[in-house]
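Following the numbering used here, the numbering of the sequence shown begins with -12 at its first residue and continues without gaps. Below: the structure, in structure tokens.
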Amino acid sequence: MKQNAIRTIFLLVCCLLVALSPSLAATVKRANGDVGYALFQKSATHTVSGAVTFYQLNADTIIYGQFNTGLVNVSGCRLLIITSSTTSVDLTPFVAQFPVLNGGTGAFQFTLPGTTLRDFKNKHLVIKCTTPAATIGDAKIKVIP
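Encoded structure:
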């Protein structure tokens, strides 16, 4: 009788662990090693094409990419991650050092310290210029945890 009670309790505990394990596993997500990307496609309203990739490493986000077409001069333009209707993260100082050649840039890479890539999920990476006053590139940031 005592053995049957022990077996029954053991079986119930095992069933409970099996039932809970998928839900527990779903709540545990990694941040370090997450990747994301933003693809710029040339269109009637946006002249820039290219790709930007994001990688989470500890407390920093590493950003690298290349713009292929649509850039004539980066002076007067800003590269921004639009985080809300009133705030943005300005990446312009990081990419301003890369020259524009034949309408695009060379490959660039820089680190955005103290940021979490998941905060940028489904936000927009845009290139806004003052001369002419226009958004010449807009891409949604997709994050793959």
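Cβ coordinates follow ideal geometry from the N, Cα and C atoms, glycine included.
Task: Boundaries (first-last residue) of the alpha helix (DSSP H) holding residue 140 - done: There is no way to answer for residue 140, as the model of the chain reaches only from -12 to 132.
- [ ] Would you kindly check if the distance between the Cβ of residue 97 and the Cβ of residue 85 is under 7 Å?
- [x] no
- [ ] Going by DSSP, name the residue or residues bridged to residue 126.
- [x] 112
TODO: Quick one: give me the first and last residue of the beta strand (DSSP E) that residue 25 is part of.
DONE: 22 to 27
Open item on the list: I'd like the span of the beta strand (DSSP E) that includes residue 36, first residue to last.
Closed with: Per DSSP, residue 36 is one residue of the beta strand (DSSP E) stretching across 36 to 44.
Task: Contacting residues, own chain, Cβ-Cβ under 6 Å from residue 118 (five flanking each side not counted) - done: Correct list, in chain order: 63.
Task: Coil, strand or helix - residue 97 by DSSP - done: strand
Open item on the list: In whole angstroms, give me the CA-to-CA distance for residue 67 and residue 60.
Closed with: 16 Å
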